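Engineer:
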Amino acid sequence: MGNKDANANQHTVREAKSSLRVAIWSVAWGGAVALGAAAAVYLPAPKLLVGIAALMIYSGISLGTIRAYIRWLKVLDEMQRRIQLETMAMTLGALWIAFGGLLILNAAEIIYIDRWEVSLLVVLASLGMSVGSLRMLKS
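Going by the working numbering, the first residue of the sequence shown is number 257, and it counts up by one from there.
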C-alpha cells in the first residue's frame with residue numbers, strides 16, 4: 257500500500273513539474289508574439305532583419321511550447337487528458353472562427369487588423385485553456 261502512495265505522489269510531482277513547464281513556455285510564447293511585433297515596429301534596424309530574427313525566435317519558442325504540452329499530456333491520467341484534448345480542440349476552433357472573422361472584416365475594410373489585435377488571439381487561447389483547466393478541477 258505504501259508503494260501505491262509513493263507512485264501517486266511521484267505522479268503528482270511529475271504532473272506539477274510538467275504543468276509549470278507548460279505555463280512558463282506559454283508565457284514565453286505569448287511574450288514572443290508581443291515582443292516580435294513591437295521589435296519590428298520600434299527597433300531602428302532593417303525591418304527584414306528584425307522580422308526574420310523575430311520569426312526564428314518565435315518559431316523556436318513555439319516548438320518548445322508544443323513539446324511542453326505533449327510532455328504534459330503524457331503525464332496526465334486518461335480523464336484529464338481527454339478533458340484537455342477537448343479543451344484544446346474547442347480553443348483551436350474558437351481561434352479559427354475569430355481569426356477568420358478578423359480576416360473577413362479586414363477584407364471588407366470594416367476594420368484594420370493591427371499587430372495588437374492578432375496578439376489578442378493569444379489571450380483568447382489562454383482563456384480557452386483556462387476554461388479546460390477549471391473543468392479538470394471540477395472532475
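Ideal placement from N, C-alpha and C gives every residue a C-beta, glycine not left out. Computed from a prediction, not measured in an experiment: that's the story for all the values here.
Just curious, the alpha helix (DSSP H) that Tyr-368 is in, first and last residue?
Structural biologist: Position 112 of the sequence shown, counted from the first residue, corresponds to residue 368. Per DSSP, Tyr-368 belongs to no alpha helix (DSSP H) and is neither H nor E.
Engineer: Please state whether DSSP places Ala-301 in a helix, a strand or coil.
Structural biologist: As a first step, residue 301 must be located in the sequence shown, where it is residue number 45. DSSP, read as helix, strand or coil, puts Ala-301 in coil.
Engineer: Work out the CA separation of Leu-358 and Val-283 for me, nearest whole Å.
Structural biologist: The residue labelled residue 283 in the question sits at position 27 within the sequence shown. The residue labelled residue 358 in the question sits at position 102 within the sequence shown. Spanning the two alpha carbons is a distance of roughly 24 angstroms.
Engineer: Straight-line CA distance for Leu-208 to Leu-380?
Structural biologist: Because the chain is modelled from 257 through 395, residue 208 falls outside the range shown and cannot be assessed.
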